[in-house]
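There are 2 protein chains.
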Amino acid sequence: MTVSKTASDAVKSPRTLRREPGDPAGDDAMLQLGELSGLLGYSLKRAQLKVFEDFLRCVAPLQLTPAQFSVLLLLDKNPGRNQTEIASTLGILRPNFVAMLDALESRDLCARMRSANDRRSHILVLTEKGRAVLARAKKLVANKHEARLIEVLGPANHAALLEMLAKLAYEF
Amino acid sequence: MTVSKTASDAVKSPRTLRREPGDPAGDDAMLQLGELSGLLGYSLKRAQLKVFEDFLRCVAPLQLTPAQFSVLLLLDKNPGRNQTEIASTLGILRPNFVAMLDALESRDLCARMRSANDRRSHILVLTEKGRAVLARAKKLVANKHEARLIEVLGPANHAALLEMLAKLAYEF
DNA sequence: GATAATTGTTATCGAGTATATCAAATATCG
DNA sequence: CGATATTTGATATACTCGATAACAATTATC
Numbered sequence: 001m002t003v004s005k006t007a008s009d010a011v012k013s014p015r016t017l018r019r020e021p022g023d024p025a026g027d028d029a030m031l032q033l034g035e036l037s038g039l040l041g042y043s044l045k046r047a048q049l050k051v052f053e054d055f056l057r058c059v060a061p062l063q064l065t066p067a068q069f070s071v072l073l074l075l076d077k078n079p080g081r082n083q084t085e086i087a088s089t090l091g092i093l094r095p096n097f098v099a100m101l102d103a104l105e106s107r108d109l110c111a112r113m114r115s116a117n118d119r120r121s122h123i124l125v126l127t128e129k130g131r132a133v134l135a136r137a138k139k140l141v142a143n144k145h146e147a148r149l150i151e152v153l154g155p156a157n158h159a160a161l162l163e164m165l166a167k168l169a170y171e172f
Numbered sequence: 173m174t175v176s177k178t179a180s181d182a183v184k185s186p187r188t189l190r191r192e193p194g195d196p197a198g199d200d201a202m203l204q205l206g207e208l209s210g211l212l213g214y215s216l217k218r219a220q221l222k223v224f225e226d227f228l229r230c231v232a233p234l235q236l237t238p239a240q241f242s243v244l245l246l247l248d249k250n251p252g253r254n255q256t257e258i259a260s261t262l263g264i265l266r267p268n269f270v271a272m273l274d275a276l277e278s279r280d281l282c283a284r285m286r287s288a289n290d291r292r293s294h295i296l297v298l299t300e301k302g303r304a305v306l307a308r309a310k311k312l313v314a315n316k317h318e319a320r321l322i323e324v325l326g327p328a329n330h331a332a333l334l335e336m337l338a339k340l341a342y343e344f
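Chains D and P are the protein sequences, given in the same order.
Position 52, counted from 1, in the first sequence is what our numbering calls 52; the numbers after and before it change by one each time, with no gaps.
If you want our numbering, it's the position in the second sequence, counting the first as 1, plus 172.
Written out as structure tokens, the structure is:
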């Protein structure tokens, strides 16, 4: 049984090439993904990691994670909402949203204001700096991140992909 | 009903307040996703969570996670490989792969065999039970999980989606 | 007014991912 | 040959997320 000799640089990163059925049996280096390449969830996860990675790179100057960016976007679009409302529409559990808000508030990107009607809840607002950072982040995301995605996929495919993902995300 | 929002992107928040199907009077309006619905990464993540959720449901009788299923698939398709090779092509770091293998081995789904050529490495093999479980899992995945995805998206869209995700996952 | 429900919060747990390090085995090279 | 470096599996550890239970303050309900 001839075991592998050496692949000068074994694959350390998740990136591996895929091989379709009927490919030459070039053993040694590359492993056969087999049915894995037809598994939607597998490619979905891999693609999501790559896309988030690119997002982080593009928006690195502002030190914003995808989750933080989504919070700022939502606060801007929905003023006067409390923590429960913002967290739940983002699929974040209330306990986990506390630390997230703490981080944003400590950077003076948003603020909690006690509601007059209901003194239990905190009305969330973007600060001046928060709006400025969000504006810059939007530009980076549009001009660097999404632009690259559209370039790779093509505009029509990009739109089609978005529609299908939305169907899976919200109607599945 | 209460609100009807403009765009076609109807948001169904993942874990939100309980809304009974016939209960209209919920005065709490739905929040605006805004630019969030155009963010590919956002829908990508959401879709991935939903798809994995469905995978777990469909394959629940066999108690296999997506990651475990991918390992079994890879072992079946690539006999004679060691831990480093299997882990790296799946994007799993070697230290984290140890516990994963322990779990599979403790269930007698696979086994580590010391290699004769290189006594450092463990050749990974599927056991008889592992092959049987994999066969059943493949059927569940194909007939329940993927079948549902194809039904929701349509066969042509499903194929197109897979292709675009592969492009993002492996060429991005 | 007594009881239930909600809001933000803390504590905690488990899963997933990352790095450093180790002993054993092997490879490399002077 | 033998000294050194590299590889393999493994352990320990840490950090991020996601999930649950519980609590004080406040509000809603009966």
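Beta carbons: idealized from backbone N, C-alpha and C, even for Gly.
Which residues of the region 208 to 231 of chain P have a Cβ closer than 9 Å to any Cβ of chain D? Give them in chain order. L208, S209, G210, L211, L212, G213, Y214, S215, L216, K217, R218, A219, Q220, L221, K222, V223, F224, E225, D226 and F227
The beta strand (DSSP E) spanning R266/P covers which residue range? Careful: R266/P lies outside any beta strand (DSSP E), inside the alpha helix (DSSP H) at R266 to S278.
Sub-8 Å separation of V59/D and L90/D beta-carbons: no
Against chain D, with Cβ distances strictly below 8 Å, would P238/P count as a contact? yes
By the 10 Å Cβ neighbour count, where 16 or more other Cβ atoms means buried, how is P61/D classified, buried or exposed? exposed
Whose Cβ in chain P lies nearer than 9 Å to the Cβ of G34/D? L245, L246, D248, K249 and N250
Contact criterion: CB-CB distance below 8 Å. Does R253/P meet it with respect to chain D? yes
Boundaries (first-last residue) of the alpha helix (DSSP H) holding R120/D: Element bounds for R120/D: n/a, residue is neither H nor E.
Counting only C-beta atoms, is M174/D closer than 8 Å to chain P at any point? Within the shown structure, residues of chain D are numbered from 1 to 172, placing residue 174/D beyond reach of any answer.
By DSSP, does M164/D sit in helix, in strand, or in coil? helix
List the endpoints of the continuous beta strand (DSSP E) containing R286/P. C282 to R286
When you compare the CB of V305/P with every CB in chain D, is at least one pair closer than 8 Å? no
Would you mind working out which of H330/P, L281/P, A271/P and S287/P sits nearest V223/P, comparing C-alpha positions? H330/P
Helix, strand or coil: which one does DSSP assign to L298/P? strand
Chain P beta carbons: is any one of them nearer than 8 Å to that of K144/D? no
Taking the continuous alpha helix (DSSP H) assigned at G213/P, which residues delimit it? L212 to C230
Classify Q204/P: buried if its beta carbon has 16 or more other beta carbons within 10 angstroms, exposed otherwise. buried
Can you confirm whether the region 137 to 144 of chain D touches the region 287 to 297 of chain P when touching is taken to mean that 3 or more C-beta pairs between the two stretches lie within less than 8 Å? no
Using a Cβ-Cβ distance cut-off of 8 Å, determine whether A332/P contacts chain D. yes
How is the alpha helix (DSSP H) around E323/P delimited, first residue to last? A319 to L325
Considering Cα atoms alone, identify which of E35/D, G34/D, L36/D and L44/D is closest to M336/P. L44/D
Can you check whether the C-beta of A309/P is within less than 8 Å of a C-beta belonging to chain D? no
Got a sec? Which residues, its chain only, sit under 8 Å from L265/P by beta carbon, not counting five neighbours each side? A259
Would you please verify whether the beta carbon of S70/D is less than 8 Å from any beta carbon of chain P? yes
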